[in-house]
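Under the working numbering, the first residue of the sequence shown carries the number 11, and numbering increases by one thereafter.
To start, the structure itself, in structure tokens.
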Amino acid sequence: MAEPVERPSIDPPGKPSGTLTGRPGMRRGPNNWQFTAVSAVAGLALAAGAVLAAGPWDSGQRKAEQDWAAARSRTGGAHHASGDSSGPAPAPSAPAVLAALPAAVQDAPAGPSRDLSAVLDPLLKNDALGDRRAAVVIDTATGKRLYGKGADAPMTPASTVKIATTVAALTALGPAHRIPTTVRASADQRTVTLVGGGDPTLDRAALRALATDTARALKAGKVTSVRLHYDTSGYSGPSHHPIGPNENIAPMSALMMNEGRQDNSSSGPAARSEDPARDAARTFAGLLDDAGITTRSAPAAGRAAKTSRTVATHLSAPLSGLVERALTNSDNDIAEALARQTAIAAGEPADFNGGRRAVTAQLKKLGLPLKGVNVADGSGLDRKDKVTAALLAGLLARSADPDHPELRPVLSGLPVAGFSGTLSGRYTTKAGGTGFIRAKTGTLTGVNTLAGTVVDTRGRLLAFAFLASGTTDPSEAQAALDGLATALAAGKR
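Next up, the structure:
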């Protein structure tokens with residue numbers, strides 16, 4: 011039977027919520043951490059009875075982590091309010107402002123570090139973790155590194171690289187940013203162009219709304235027949251990910267509908283369109299016809315004329331919602347779109363190289379350790395990606411910093427152990443970390459990773475990153491990683 015799950019947060023930024031995925035309240039006091047931990051589990055347990063989801067799936071190329079939290083609402087946290095200059099509220103798990111990283115990410119006093127070593131060292135020796143392992147644990151309240159093994163060794167992150175992608179996008183654009191899809195009409199209104207802005211979550215309902223608004227504008231000018239073009243110039247470079255055509259990701263296009271999926275799925279592997287822009291334009295043409303505007307021929311690729319004017323606009327969910335969906339569902343298409351949006355904001359070409367440079371530049375601005383790091387793509391499908399455990403844990407600690415409330419969606423988007431997203435099937439109700447661990451998973455053949463946060467029995471929010479390479483049994487490796495995180499939650503030190 012499928013495991014019960016919980017949706018990601020859809021609360022407007024800055025508004026408190028009583029759930030774990032909601033925004034923090036204003037509670038203060040010495041027992042706030044204990045209250046938060048107990049309330050989190052209780053709220054998650056109640057949410058668990060409401061919905062069911064399918065378990066994780068395996069594509070052969072990689073473990074593509076299952077999408078549920080946004081399966082019913084394709085835009086994930088679609089109700090994040092826009093235009094909120096303050097952004098999301100700080101994470102409730104960061105009671106004190108972190109000192110600047112990486113200076114604050116330093117070894118803790120010998121006693122606590124030695125105690126944590128006694129807990130984690132034996133678990134890291136598990137043969138299921140392959141021949142290379144790395145681990146870092148940071149106390150987010152103080153910024154101190156409590157544990158580190160192979161902390162600065164560059165390793166293949168798989169999907170945990172999405173943490174870097176989403177942090178960079180939020181830093182560059184802010185949580186309220188929305189991706190536009192527009193329709194532009196020529197000066198004589200005889201040609202309309204559907205212009206993609208890079209929103210992979212565009213759906214039929216959004217295209218219908220665009221068609222309705224376009225028809226209204228054209229009919230006001232006594233026009234009922236047009237030529238239809240579609241513009242994908244917002245992206246450049248190769249259309250396919252370096253892994254080639256793959257059911258885990260659509261061709262890169264600034265214009266697509268439902269991630270180029272050829273079925274009604276919203277998660278897992280699916281046959282993808284070879285030309286998602288053309289397919290989206292054809293759907294739009296049919297909807298225009300429904301609205302009373304006929305097209306003279308099949309849609310053709312082409313840019314809108316400089317003299318054209320915008321007659322209809324659709325905006326994606328706020329970036330905060332897209333980030334949550336990308337992390338909860340391990341959504342490759344959204345992750346790659348976020349890397350390109352970061353590139354566009356930086357004035358870089360919207361391709362893999364531009365995304366790599368732009369994401370790296372944003373991480374540098376945060377002062378995080380980048381020696382040996384190579385962010386080759388936004389999704390983690392590329393084995394050329396190399397990150398360190400120190401970087402991943404540092405990114406999570408920075409996301410808990412009250413001075414960076416714009417990064418809050420990185421924490422609220424992490425799957426919850428035993429309840430949501432890619433962790434819904436990896437913990438049972440009897441596991442010590444169920445409900446307390448929130449983490450991004452990552453799996454390629456021979457690679458297993460886990461990075462997230464956990465509240466320990468002392469009430470501390472710990473950021474952790476565990477990376478393993480050379481694994482031979484994905485299930486055993488995942489269980490070993492889950493055991494490491496559970497040990498942190500148990501607080502046996």
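Cβ atoms here follow ideal geometry from the backbone N, Cα and C, with glycine treated the same way.
Asked	Found
What is the DSSP secondary structure of Ile-148, counted as helix, strand or coil?	strand
Taking C-alpha atoms, which residue in Ala-311, Arg-319, Gly-278, Arg-306 lies nearest to Arg-288?	Ala-311
Under 8 Å, do Thr-463 and Ala-473 count as touching if we go by C-beta distance?	yes
With 16 other CB atoms within 10 Å as the buried threshold, where does Asn-274 fall?	exposed
Figure out for me which residue from Gly-423, His-251, Leu-373 has the closest Cα to the Cα of Ser-340.	Gly-423
Bridge partners for Arg-448 per DSSP, in chain order?	Val-426, Thr-463
Could you give the distance in angstroms between the alpha-carbon of Ala-495 and the alpha-carbon of Ile-447?	7 Å
Suppose the cutoff is 7 Å on Cβ atoms and the five residues either side in sequence are ignored; what does the same chain contact list for Val-383 look like?	Pro-164, Lys-396, Val-397, Thr-398, Leu-401
Determine the extent of the alpha helix (DSSP H) in which Lys-172 is found, giving its start and end residues.	171-183
Suppose the cutoff is 6 Å on Cβ atoms and the five residues either side in sequence are ignored; what does the same chain contact list for Ala-197 look like?	Thr-317
In terms of DSSP beta bridges, what is Tyr-437 paired with?	According to DSSP, which records beta bridges pairwise, Tyr-437 is partnered with nothing at all.
Could you check whether the segment 236-248 touches the segment 197-211, counting it as contact only if at least three pairs of C-beta atoms, one from each stretch, sit closer than 8 Å?	yes
Taking 8 Å as the threshold (C-beta atoms), are Asp-137 and Ala-260 in contact?	no
Tell me which residue opens and which closes the beta strand (DSSP E) that Leu-297 is part of.	Where Leu-297 is concerned, there is no enclosing beta strand (DSSP E), although the alpha helix (DSSP H) it sits in stretches over 286-300.
If you count every other CB in all the chains shown that lies within 10 Å of the CB of Pro-252, and 16 or more means buried, which is it?	exposed
Going residue by residue through the segment 193-221, where are the continuous beta strand (DSSP E) segments of at least 3 residues, counting only ones entirely within it?	201-205
With a Cβ-Cβ cutoff of 8 Å, do Lys-450 and Thr-181 count as a contact?	no
Is the separation between the beta-carbon of Ala-174 and that of Val-385 shorter than 8 Å?	yes
Return yes when the Cβ of Val-236 is within less than 8 Å of the Cβ of Thr-305, no when it is not.	yes
May I ask you to verify whether the segment 313-331 touches the segment 217-225, counting CB pairs closer than 8 Å and requiring at least 3?	yes
According to DSSP, is Lys-4 part of a helix, a strand, or is it coil?	The shown model of the chain, from 11 to 503, leaves out residue 4, and the question about it has no answer.
Report the rounded CA-to-CA distance for Pro-210 versus Leu-126, giving the unit in angstroms.	43 Å
Rounded to whole angstroms, what's the CA-CA distance from Ala-461 to Thr-432? Just pull it up for me.	12 Å
If we ignore side chains and look at the alpha-carbon of each, how far apart do Lys-135 and Ala-489 end up?	13 Å
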